[in-house]
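Below is one structure, written out as structure tokens, with a few remarks after it.
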Amino acid sequence: FSKYPENTIVQRPIIAAHRGIPSIAPENTMSSFRLAYEHGADLIETDVKVTKDNQLVIMHDDTVNRTTNGTGRVADLTLEEIKQLDAGSKFSAEFAGEKIPTFEEYLKEFKGKDVILLVELKDTGIEQQVIEEIEQEEMVDQVVLQSFNLESMILTNQLKPEIPVGYLFSAAVPGTKSAKIKNSQKMLDYGTNYNVTLNASYGSIYEEFTTYMRQRGILNMHWTFRDEAPFADKLKQGLIGPITDYTQWLTYSPIKI
Ligand code: G3P
Ligand code: CA
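In structure tokens, the structure reads:
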């Protein structure tokens with residue numbers, strides 16, 4: 435049944451669809467999430483923020499300016515105001531009328547489907563509310579939460595240890611390399627090993643870090659892959675969890691190792 439010679443080992447990466455599939459549909463919209471799922475994503479990554487009236491919505495930026503036809507900070511807009519915005523037209527006319535999803539809509543769409551939801555908390559102070567909405571949908575076993583804020587993830591782990599948490603890690607974020615490794619160690623020490631991922635940015639993958647991960651058997655969902663050639667190199671180094679804008683490439687491109 436295999437197109438490869440006998441005894442060939444083919445490692446298919448674990449694919450996290452970054453904000454849906456923004457190479458072919460507007461980021462963080464339901465069309466983008468559905469297309470990512472149809473293209474075979476193993477995880478669908480997204481970003482959660484809170485509105486002026488304390489509703490959880492899907493949005494990467496602090497403002498709606500870049501991705502919609504509106505202006506203003508998410509924190510200064512109500513859900514009703516946010517729902518009036520067009521989150522598709524700036525990407526292309528084909529997606530005109532696309533709405534900013536609520537966190538609840540995103541959860542409901544994938545409940546019970548064969549995909550994990552990788553949810554980044556872009557605000558602090560929303561940890562309990564995020565957990566409650568996940569519990570409401572009975573999706574505790576279908577979600578991984580992640581943040582650049584270590585304390586937020588430690589709190590999340592305290593509030594709901596059953597939900598895996600990830601510490602996002604980037605060379606672009608202020609702090610020395612050793613401080614970041616220390617934070618990673620702190621995260622690991624805090625939680626149960628199998629419930630923690632350490633998610634390094636593409637540019638932050640260096641030898642000490644990969645060794646550290648390998649020695650402890652921790653999954654590294656690294657971001658953000660936007661071209662195929664470096665991905666093949668990273669896969670050969672044993673990094674298996676790209677968060678990518680191009681799910682359509684990676685789910686159909688098994689790489690021989
Ligand atoms: O999943 C990690 C990645 O999404 C973090 O960066 O800016 O795309 O949220 P950003
Ligand atoms: Ca993100």
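For the sequence shown, full-length UniProt numbering assigns the number 435 to the initial residue and increments by one for each residue that follows. The beta carbon of each residue, even a glycine, is placed where N, CA and C say it ideally should be.
Proximity test, residue i beta-carbon vs ligand 1 heavy atom, cut-off 6 Å
i      : result
Glu461 : no
Ile478 : no
Ile677 : yes
Trp683 : no
For residue j and residue i, the rounded distance between their alpha carbons
i      : j      : result
Ile588 : Thr558 : 12 Å
Pro535 : Asp476 : 20 Å
Arg453 : Asp510 : 23 Å
Arg500 : Phe582 : 22 Å
Gly474 : Asp679 : 13 Å
Tyr628 : His656 : With a pLDDT of only 45 at Tyr628, under the threshold of 50, the placement of this residue in the model should not be trusted; the figure read from the coordinates follows. Cα to Cα, the separation comes out at about 17 Å.
Ala521 : Pro447 : 30 Å
Glu572 : Val482 : 18 Å
Leu513 : Leu469 : 25 Å
Val577 : Pro676 : 17 Å
Ala530 : Asp496 : 22 Å
Asp548 : Ser457 : 22 Å
Pro460 : Ala613 : 35 Å
Val599 : Asn488 : 23 Å
Phe659 : Gly546 : 27 Å
Lys594 : Lys533 : 30 Å
Ile661 : Glu539 : Looking at the sequence provided, one finds Asp at residue 661 rather than Ile. Spanning the two alpha carbons is a distance of roughly 30 Å.
Residue i (DSSP reduced to helix, strand or coil)
i      : result
Gln518 : coil
Val498 : coil
Arg468 : helix
Lys545 : coil
Tyr601 : strand
Phe529 : helix
Thr480 : strand
Glu596 : coil
Asn627 : Confidence is the limiting factor: at Asn627 the pLDDT is only 43, short of 50, which leaves the residue's position unreliable, though a coordinate-based value still follows. Asn627 falls in the helix class under three-state DSSP.
Ser457 : coil
Leu579 : strand
Residue i: CB within 6 Å of a non-hydrogen atom of ligand 2
i      : result
Asp481 : yes
Glu554 : yes
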